[in-house]
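What follows is a set of notes on a single structure, which appears directly below.
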Amino acid sequence: MSAVAAFRVDPRAPRLLAAGLHGPLPRFLRRRELDGLMAEIEAAGLTGRGGAGFPTAVKLAAVARAGGAVVVANGTEGEPASWKDKVLLSMNPHLVVDGAVTAAALVGASEIVFAVGRANRTVRKHLERALDERSDADVDVFVESVPDRFVAGEASALVNRLNGGPSKPTIQRPSVRGVHGRPTLVQNVETLANVALIARYGAGWFRERGTPEEPGTVLVTVLGAVRSPGVVEVELGTPIHDVIQRAGGLAALPQALLVGGYFGAWVRARDALELPLTNAGLAPLGVSLGARTIVVLPQDACGLGESVRVARYLARESAGQCGPCVFGLPAMADALERLDVDRIHRLVPLVAGRGACSHPDGAARFVASAVEVFADEIERHRRGRCRSTNHEPVLPLGASGEWR
Amino acid sequence: MEMTMHLRLNPILCDGYGQCAELLPGLVELDEWGYPIVPRRALDRRLEPAARRAVKMCPRLALSLERAA
Numbered sequence: 033m034s035a036v037a038a039f040r041v042d043p044r045a046p047r048l049l050a051a052g053l054h055g056p057l058p059r060f061l062r063r064r065e066l067d068g069l070m071a072e073i074e075a076a077g078l079t080g081r082g083g084a085g086f087p088t089a090v091k092l093a094a095v096a097r098a099g100g101a102v103v104v105a106n107g108t109e110g111e112p113a114s115w116k117d118k119v120l121l122s123m124n125p126h127l128v129v130d131g132a133v134t135a136a137a138l139v140g141a142s143e144i145v146f147a148v149g150r151a152n153r154t155v156r157k158h159l160e161r162a163l164d165e166r167s168d169a170d171v172d173v174f175v176e177s178v179p180d181r182f183v184a185g186e187a188s189a190l191v192n193r194l195n196g197g198p199s200k201p202t203i204q205r206p207s208v209r210g211v212h213g214r215p216t217l218v219q220n221v222e223t224l225a226n227v228a229l230i231a232r233y234g235a236g237w238f239r240e241r242g243t244p245e246e247p248g249t250v251l252v253t254v255l256g257a258v259r260s261p262g263v264v265e266v267e268l269g270t271p272i273h274d275v276i277q278r279a280g281g282l283a284a285l286p287q288a289l290l291v292g293g294y295f296g297a298w299v300r301a302r303d304a305l306e307l308p309l310t311n312a313g314l315a316p317l318g319v320s321l322g323a324r325t326i327v328v329l330p331q332d333a334c335g336l337g338e339s340v341r342v343a344r345y346l347a348r349e350s351a352g353q354c355g356p357c358v359f360g361l362p363a364m365a366d367a368l369e370r371l372d373v374d375r376i377h378r379l380v381p382l383v384a385g386r387g388a389c390s391h392p393d394g395a396a397r398f399v400a401s402a403v404e405v406f407a408d409e410i411e412r413h414r415r416g417r418c419r420s421t422n423h424e425p426v427l428p429l430g431a432s433g434e435w436r
Numbered sequence: 537m538e539m540t541m542h543l544r545l546n547p548i549l550c551d552g553y554g555q556c557a558e559l560l561p562g563l564v565e566l567d568e569w570g571y572p573i574v575p576r577r578a579l580d581r582r583l584e585p586a587a588r589r590a591v592k593m594c595p596r597l598a599l600s601l602e603r604a605a
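Read top to bottom, the protein sequences are chains A and B.
When the count follows this note's numbering, it moves up by one through the first sequence with no breaks and lands on 436 for the last residue.
When the count follows this note's numbering, it moves up by one through the second sequence with no breaks and lands on 605 for the last residue.
This is how it looks when you write it as structure tokens:
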């Protein structure tokens, strides 16, 4: 049995994290071959793995139509609770480069920019070593390190930085006016790695894992009260409990889970553990996969205190451009700290949807979920008590560095 | 399909001068920090002249009228 065949039959074997197993990338030179590959990506039902979950084929087609495009492989991962892109770029950089080269051929781009966070020098080193090992004709390849800010990876903020501006969002659509003013495909590195797999094995193979509506595997960062925190690759639809098992299992009694990162939402552990890891599966809880991070909050931690810390962090990470974000995010953090639930309910609709990017929306969703899930804890704090016996912070925060 | 007009705000440019709320009472309201809340729905035809004035008068040029199908 060949290595590839063996890896096909084991449903737990990795695809994205299987380095050195996939063999050379097929060359798509003729128009007809490229059209065929575009059809495969569409048939595979691949969606963006960066958080927004937009259909990849639609995005590729839009940029291809515009002509003269640039491809940006987005490995910035400014979300402090997410490590999956850093792990992918370190373990399997060639698969990401394969995907970027393939995407460049599909959209007719002659330039690829790989963007990584400035603090992650190791990730950059792995990527540069991989790039040195190969020669991808017909395309110029650059690696750029961008500031370590939460919003730096937002597509328009990334384009803004690559054009010499600060890592702050703009109202320009990158697909229309991006790097050098040219139509730009900004695609998450995990999405690109999946493009490289579909280019090799096709849509049918891709759909052997996952659910019919949400096919494929995903990288999930599992943190908090688990025995081996880290990044696991699971098929979409895996019960959350099994995802946690893949990270060594629970290390303490779970109280709540933060699903989808800091733009995601808190859910009660008992409501979530049996649910499948898909957007459809999590919809009843009003949660989506987002950044595909699961943080397990143990019983002895204070969800309220954790949420205040993150709400303050998100307020600090506002790019400072849009009034409702500049004033609304600190106001939400203050209200949460003062246990003023009524004010939070008033602030959430006043903040969400009123920025140039979705930063205020994500922060509002996070705070709103904290108020709901930690209602008992808020009541306890009103009476001057806190459940926490362990004041070690569970949720990691970023460094809030430079904007340029 | 009939074309409708939408009032759009660029929240990056907006500094909360609040003139739009004065020129478009009942349509644009200011939040507690003085920033306009611009409804997403199609603009009532009768309000178009006032909206055009508000677009022209915005000191930050943050408002625009856009056609949408």
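Cβ atoms here follow ideal geometry from the backbone N, Cα and C, with glycine treated the same way.
Just so you know, these numbers come straight off a predicted model, no measurement behind them.
Inter-residue Cα distance where the pair is residue i and residue j
| i | j | result |
| --- | --- | --- |
| alanine 323 (chain A) | proline 585 (chain B) | 44 Å |
| proline 561 (chain B) | histidine 377 (chain A) | 25 Å |
| valine 403 (chain A) | glutamate 111 (chain A) | 22 Å |
| cysteine 556 (chain B) | valine 90 (chain A) | 37 Å |
| valine 41 (chain A) | histidine 54 (chain A) | Confidence at valine 41 (chain A) is low in this model, with a pLDDT of 42, below 50, so the placement of that residue should be treated as unreliable; the coordinate-derived value is given next. Roughly 15 Å between the two C-alpha positions. |
| glycine 210 (chain A) | cysteine 357 (chain A) | 24 Å |
| alanine 407 (chain A) | leucine 368 (chain A) | 11 Å |
| serine 114 (chain A) | aspartate 170 (chain A) | 33 Å |
| leucine 543 (chain B) | alanine 587 (chain B) | 7 Å |
| threonine 540 (chain B) | threonine 325 (chain A) | 41 Å |
| lysine 118 (chain A) | glycine 85 (chain A) | 19 Å |
| asparagine 220 (chain A) | leucine 285 (chain A) | 34 Å |
| alanine 590 (chain B) | alanine 431 (chain A) | 41 Å |
| leucine 566 (chain B) | glycine 248 (chain A) | 46 Å |
| proline 261 (chain A) | arginine 582 (chain B) | 59 Å |
| leucine 309 (chain A) | arginine 576 (chain B) | 33 Å |
| arginine 370 (chain A) | proline 362 (chain A) | 12 Å |
| proline 179 (chain A) | arginine 415 (chain A) | 42 Å |
| glycine 360 (chain A) | serine 320 (chain A) | 23 Å |
| valine 183 (chain A) | glycine 149 (chain A) | 11 Å |
| valine 155 (chain A) | threonine 108 (chain A) | 10 Å |
Close-in-space but distant-in-sequence residues of the same chain around residue i (CB under 7 Å, 5 per side omitted)
| i | result |
| --- | --- |
| glycine 318 (chain A) | Ala297 |
| leucine 545 (chain B) | Pro572, Val574, Ala598 and Leu599 |
| serine 34 (chain A) | Note that serine 34 (chain A) scores a pLDDT of 36, beneath 50, so its modelled location is shaky; the value from the coordinates is reported in the next line. Counting only Cβ-Cβ distances below 7 Å, and skipping sequence neighbours, we find nothing. |
| glutamate 306 (chain A) | Pro271 and His273 |
| alanine 235 (chain A) | Glu72, Ala75 and Ala76 |
When the options are compared against residue i, the one with the closest alpha-carbon
| i | options | result |
| --- | --- | --- |
| leucine 259 (chain A) | A:Ala400, A:Val275 and A:Arg386 | One detail in the question is off: residue 259 (chain A) reads as arginine in this sequence, not leucine. Here the closest residue by C-alpha is A:Val275. |
| valine 264 (chain A) | A:Pro201, A:Glu222, A:Ala301 and A:Leu285 | A:Glu222 |
| leucine 194 (chain A) | A:Gly213, A:Val208 and A:Ile203 | A:Gly213 |
| leucine 314 (chain A) | A:Asp168, A:Val191, A:Val291 and A:Arg64 | A:Val291 |
| proline 56 (chain A) | A:Arg302, A:Thr108 and A:Asp168 | A:Asp168 |
| alanine 395 (chain A) | A:His413, A:Ala343, A:Glu369 and A:Leu429 | A:Ala343 |
| glutamate 65 (chain A) | A:Arg47, A:Ala137 and A:Val103 | A:Ala137 |
| glycine 438 (chain A) | A:Ile410, A:Glu424, A:Arg348 and A:Val399 | Outside the displayed range of chain A (33 to 436) lies residue 438 (chain A), so it cannot be described from this structure. |
| proline 425 (chain A) | A:Asp303, A:Leu329 and A:Thr243 | A:Leu329 |
| alanine 147 (chain A) | A:Tyr345, A:Ala50, A:Ser177 and A:Val133 | A:Ser177 |
| tryptophan 237 (chain A) | A:Glu409, A:Leu78, A:Arg62 and A:His413 | A:Leu78 |
| glycine 80 (chain A) | A:Arg417, A:Glu160 and A:Asn106 | A:Asn106 |
| valine 373 (chain A) | A:Ile230, A:Lys157, A:Glu409 and A:Ala45 | A:Glu409 |
| valine 145 (chain A) | A:Tyr345, A:Leu190 and A:Thr154 | A:Leu190 |
| isoleucine 548 (chain B) | A:Trp435, A:Arg386, A:Gly68 and A:Leu289 | A:Arg386 |
| leucine 255 (chain A) | A:Gly197, A:His126, A:Leu429 and A:Pro381 | A:Leu429 |
Own chain, CB closer than 6 Å to residue i, minus 5 neighbours either side, in chain order
| i | result |
| --- | --- |
| alanine 38 (chain A) | Here the model assigns alanine 38 (chain A) a pLDDT of 37, short of 50, so the residue's position is not dependable and the matter cannot be decided. |
| valine 95 (chain A) | Ala101, Val139, Ser207, Pro215 and Leu217 |
| threonine 202 (chain A) | Ser188 and Asn192 |
| alanine 388 (chain A) | Pro201, Ile203 and Cys354 |
| glycine 281 (chain A) | Arg259 |
| proline 595 (chain B) | Tyr553 |
| glutamate 602 (chain B) | His542 and Arg544 |
Endpoints, beta strand (DSSP E) assigned at residue i
| i | result |
| --- | --- |
| phenylalanine 398 (chain A) | Element bounds for phenylalanine 398 (chain A): not the beta strand (DSSP E) but the alpha helix (DSSP H), 391-405. |
| aspartate 303 (chain A) | Careful: aspartate 303 (chain A) lies outside any beta strand (DSSP E), inside the alpha helix (DSSP H) at 301-304. |
| threonine 325 (chain A) | 325-330 |
| arginine 603 (chain B) | 599-604 |
| glutamine 287 (chain A) | 286-291 |
| isoleucine 144 (chain A) | 143-149 |
| phenylalanine 174 (chain A) | 172-178 |
Element boundaries [alpha helix (DSSP H), containing residue i]
| i | result |
| --- | --- |
| methionine 541 (chain B) | Taken as a continuous stretch (DSSP letters only), methionine 541 (chain B) belongs to no alpha helix (DSSP H), being part of the beta strand (DSSP E) at 540-545. |
| glutamate 558 (chain B) | 555-559 |
| glutamate 424 (chain A) | No alpha helix (DSSP H) holds glutamate 424 (chain A); DSSP gives it neither H nor E. |
| serine 320 (chain A) | Looking at the DSSP string, serine 320 (chain A) is not in any alpha helix (DSSP H), and its letter there is neither H nor E. |
| serine 122 (chain A) | 116-123 |
| threonine 154 (chain A) | 153-164 |
Contacting residues, own chain, Cβ-Cβ under 8 Å from residue i (five flanking each side not counted)
| i | result |
| --- | --- |
| serine 420 (chain A) | Asp332, Ala333, Cys334 and Gly337 |
| alanine 384 (chain A) | Pro392, Asp393, Ala396 and Arg397 |
| arginine 241 (chain A) | Pro43, Arg47, Pro247, Gly248, Thr249, Glu267 and Leu268 |
Practice prompt. Any chance you could list the alpha helix (DSSP H) runs of at least 4 consecutive residues sitting entirely within the stretch 185-267 of chain A, in chain order?
Written response: 187-194 and 221-238
Worksheet item: Which runs of the alpha helix (DSSP H), 4 residues or longer, sit entirely within the stretch 49-112 of chain A?
Response: 63-76 and 88-98
Practice prompt. Ignoring anything shorter than 3 residues or poking outside the stretch 323-372 of chain A, list the beta strand (DSSP E) runs there in chain order.
Written response: 325-330
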